[in-house]
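Worksheet: the structure to be examined is printed underneath.
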Amino acid sequence: MRLLRSVTSRLVFFYCLLLALLGGAFIVYTVLSFRHYARDTVTRPISVRIQVIWDMAQGSLDDPARLAGVMDRFATEAQDRFLRIRRGTHILYRSGDPADHSFSASKIPLMAPGPPHLLGNLLLSARVFSAPNGDQITIDSGQSYVLVEGLEDQLTALVFIGLPVLLLLAGIAGFILMQGALKPVEEMIKAAEAYSFRDPQKRLPLVGTDPRLEALGLALNRMLDRLDTAYVHVSRFSADAAHELRTPLTIIRGELELVMKEAAASPDLERAMSNALEEMNRLSGMVDSLITLSRMESLWGKQIHLVTLLPLAIETVEQMNLLSEEKGIILHKPQGDAAVAVNGDRDRLKQVLVNLIDNAIKYTLPGGDVRVTVAAAAGKAQIKVADTGIGIDPAQHVRVFDRFYRVSTDRGEAGAGLGLAIVRSICHAHGGTVTIESEMGRGSSFVVELPLAGAENDTTLK
Ligand code: ADP
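Numbered per the numbering used here, the sequence shown spans residues 2 to 463.
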């Protein structure tokens, strides 16, 4: 049934089925008509011939030699026929074996009078006549049926072998024709599947399609144009907005820090200022993350290089050690295969590690461990950041990568819910993935998989 999923296979299957049904009905009709016609053609002359034979035999019934002489004119044997004239069971004349040896004349049993019917290979009819002297004379006349039967068999074999061959040829031809006709559609599907906002100029190919398909392709391409424009507007807006927010936030933060120094005398004012500054830092962090995300999507296509992952992980861990020590968490030195390398943007890959390690530290209780490992498996480079923290409910696994999504809304952890969204964007941009393995209360592992560096060292990200 899998085969029938494609449009081509389905169409060819149904058209062959229809052909088989119509062909089958036509064959049955042809064979039956031929049989009827052939039997009729052989049968009808037999009855006529019996009458002619009787007319010629009447005068010679009492003289066997004369009767034989008269009957020999019919050349019965040469025409594969049978002739017998009898008075009851007493045979007055009987023809010899036919030229085609399809029956033995001496072995044909005496039949009751009746219309022609098949007796082995012989189509035989018997009729009784009354002689002028009152004798009842029976004439048996027959015709070999071998030739007609042979023709019938040949016709049957021809159509029963011919139909499957015809169906096979029609199926192959149909398949090739359909594939040719649907090729533009397949190409449009491939192009549509490959479409992404990272390469927004790509459109569906329309060359060589038929006018209706071309109209469909044009309509879809126009839709892509509109989507593209809307997408550019939206992403430019969020990038611009985040960028515009950055300057006033920096100024306000500076001012707040200044006021805090001045307000050292009043404890209440100092606490209020400290809270305001904390929120300001959170806001600045969010704006920075938004800018990173928008750059991720709009500035793609830059030059990338070979990045060896283990040294990058060691460097990142060393820089984040202070953070883990502050929280009483052991951040182990990354382990793994030192040769594993990918083609990519080093800064962004470092950002992946920073975000994952930062989360691991944030969501692990003091005394816990965070381990980073680098490996290569099945053509993929693998970075694993594992912690012994609070874990993530399986129901949240998909959602944690969404923008602004946080499992806990506890503001104490000062996150904006953008860290994992950035990780996922960077992984996708590198042709990779990020997945979670986690158990509530036991810890989480984030596994990043990226294509291993191939022969080419420098390329452009798609
Ligand atoms: P945030 O800035 O809130 O950390 P992220 O996008 O980095 O945003 O993470 C989204 C949510 O996923 C977090 O709010 C947290 O609840 C959950 N999360 C992320 N990493 C971990 C982890 N290592 N352990 C437990 N929960 C995590």
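Virtual Cβ for every residue (Gly too), placed ideally from N, Cα, C.
- From the listed residues Leu33, Leu62 and Ile54, the smallest Cα separation to Leu84 is found for Ile54.
- Around the Cβ of Ala387, a 10 Å sphere holds 16 or more other Cβ atoms; the residue is buried.
- In terms of Cβ geometry, Leu419 and Met321 do not form a close pair [threshold 9 Å].
- Contact between Ile86 and Ile138 holds: CB atoms are separated by about 6 Å, below the 8 Å threshold.
- Asn360 has its CB nearer than 8 Å to a heavy atom of the ligand ADP.
- Per DSSP, the beta-bridge partners of Lys381 are Ala378 and Pro452.
- For Arg407, there is no enclosing beta strand (DSSP E), as DSSP marks it with neither H nor E.
- Comparing alpha carbon positions, the residue from Gly255, Met72, Thr309 and Val43 closest to Ala382 is Thr309.
- Between Val449 and Ile358, the C-beta spacing is not below 9 Å.
- A Cβ-Cβ contact shorter than 9 Å links Ala314 with Val375.
- In this structure, the beta-carbon distance from Met281 to Ile305 does not fall below 9 Å.
- With fewer than 16 neighbouring CB atoms inside 10 Å of its own CB, Pro395 falls in the exposed class.
- With contacts defined as CB atoms closer than 9 Å, Met112 and Asp141 qualify as a contacting pair.
- Of the heavy atoms belonging to the ligand ADP, at least one sits nearer than 8 Å to the Cβ of Gly390.
- In the DSSP assignment, Leu125 forms a beta bridge with His118 and Gly143.
- A distance criterion of 8 Å places the beta-carbon of Ala243 beyond contact range of the ligand ADP, judged by its closest non-hydrogen atom.
- A contact is defined here as three or more CB-CB pairs under 8 Å, and the stretch 71-79 meets this definition with respect to the stretch 90-105.
- A distance criterion of 8 Å places the beta-carbon of Leu421 in contact range of the ligand ADP, judged by its closest non-hydrogen atom.
- In the pairwise beta carbon analysis, the stretch 389-405 is classified as not touching the stretch 342-356: fewer than three pairs are separated by under 8 Å.
- Residue side-chain check: Tyr16 keeps its Cβ at 8 Å or more from all non-hydrogen atoms of the ligand ADP.
- Residue environment analysis places Ser107 among the exposed positions, since fewer than 16 neighbouring C-beta atoms fall within 10 angstroms of its C-beta.
- Counting C-beta pairs with one atom in each stretch, the stretch 151-170 and the stretch 16-31 have three or more that are closer than 8 Å, which means they touch.
- Taking Leu324 as reference, the option from Pro367, Arg296 and Leu22 with the minimal CA-CA separation is Pro367.
- One Cα belongs to Ala361, the other to Gly390, and the distance between them is close to 7 Å.
- By the Cβ-count criterion, Gln59 is exposed, with fewer than 16 other Cβ atoms from all chains shown falling within 10 Å of its own Cβ.
- A Cβ-Cβ contact shorter than 9 Å links Leu156 with Thr31.
- Remark: the C-beta of Ile331 is outside contact range of the ligand ADP, defined as less than 8 Å to any heavy atom.
- In this structure, Phe402 places its C-beta atom within 9 Å of the C-beta atom of Arg425.
- With a cut-off of 8 Å, the C-beta of Val408 is classified as near the ligand ADP, since at least one heavy atom of the ligand falls inside that distance.
- The C-beta of Asn276 has fewer than 16 other C-beta atoms within 10 Å across all chains shown, which makes the residue exposed.
- With fewer than 16 other Cβ atoms from the protein chains shown falling within 10 Å of its own Cβ, Gly70 counts as exposed.
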